[in-house]
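This note's numbering applies: residue 206 is where the sequence shown begins, and numbers increase by one.
Ideal Cβ positions, reconstructed from N, Cα and C, are used throughout, including at glycine.
What follows is one structure encoded as structure tokens, with my remarks underneath.
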Amino acid sequence: MRPVTAVVVLALAGFTARADEKDAAKKLEGTYEAVEVLLGGNADEKKGEVKSFEIKDGEIIIKLENRDETAKFALDPSKKPAHIDLTSKNDMKIEGLYEAKETDKGLELTIAFTRGGKGERPKDFKGQGENDMVIKLLRKK
Numbered sequence: 206m207r208p209v210t211a212v213v214v215l216a217l218a219g220f221t222a223r224a225d226e227k228d229a230a231k232k233l234e235g236t237y238e239a240v241e242v243l244l245g246g247n248a249d250e251k252k253g254e255v256k257s258f259e260i261k262d263g264e265i266i267i268k269l270e271n272r273d274e275t276a277k278f279a280l281d282p283s284k285k286p287a288h289i290d291l292t293s294k295n296d297m298k299i300e301g302l303y304e305a306k307e308t309d310k311g312l313e314l315t316i317a318f319t320r321g322g323k324g325e326r327p328k329d330f331k332g333q334g335e336n337d338m339v340i341k342l343l344r345k346k
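Here it is as structure tokens:
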């Protein structure tokens with residue numbers, strides 16, 4: 206392959222990846238309720254404090270009883286399982302996984318990550334590590 210052709214191919218591949226990311230993010234937009242929250246493989250007692258999650262314009266807004274938390278996110282749907290990177294207001298980066306699937310109730314979104322960004326990206330959605338957190342969300346039809 207000639208150098209100019211290689212540059213064009215690589216540029217188009219990057220464009221396609223960004224387009225796939227934007228399409229994936231657009232499909233996730235909406236308001237979700239927390240169905241299940243696991244911390245270290247166990248049900249998190251603080252699940253009741255979470256009122257809703259809203260995803261829009263590249264941000265996740267977590268509405269809690271007495272405050273809102275906002276984080277920007279980036280997706281890589283080409284990875285298996287798909288990757289999500291969250292960046293908080295104070296620039297803390299949290300690497301995670303996500304899975305979205307349509308059900309008869311609506312879109313079920315599962316996100317796995319290490320709480321506080323402590324540790325590596327999870328390998329699965331079991332959430333059994335000490336700081337592993339798994340959140341199952343539902344965007345009703």
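Closest in C-alpha terms to V240, from the list E234, D273, Y303, V255, comes V255. Taking I289 as reference, the option from G332, Y237, F318 with the minimal CA-CA separation is F318.
Under the Cβ criterion (8 Å, minimum of three pairs), the stretch 226-236 does not count as touching the stretch 322-329.
Separation of the CB atoms of G322 and K298 is rounded to 6 Å, and the pair is thereby assigned contact status at 8 Å. A residue is called buried when at least 16 other Cβ atoms come within 10 angstroms of its Cβ; G332 meets this threshold and is buried. A279 places its beta carbon less than 8 Å from that of E226. Between R320 and L243, the C-beta spacing is not below 8 Å. D273: member of the beta strand (DSSP E) spanning 273-281, first to last residue. Separation of A305 and N336 (C-alpha to C-alpha, rounded to the nearest whole angstrom) is 22 Å. Residue state for E270 is assigned as coil, using DSSP reduced to three classes.
Taking the Cα of K341 as reference, the smallest distance to any Cα among A229, D249, S283 is reached at D249. A229 and L302 have their C-alpha atoms some 13 Å from each other. In this structure G311 touches K345 by the C-beta definition: roughly 4 Å separates them, less than 8 Å. The three-state secondary structure of D228, taken from DSSP, is helix.
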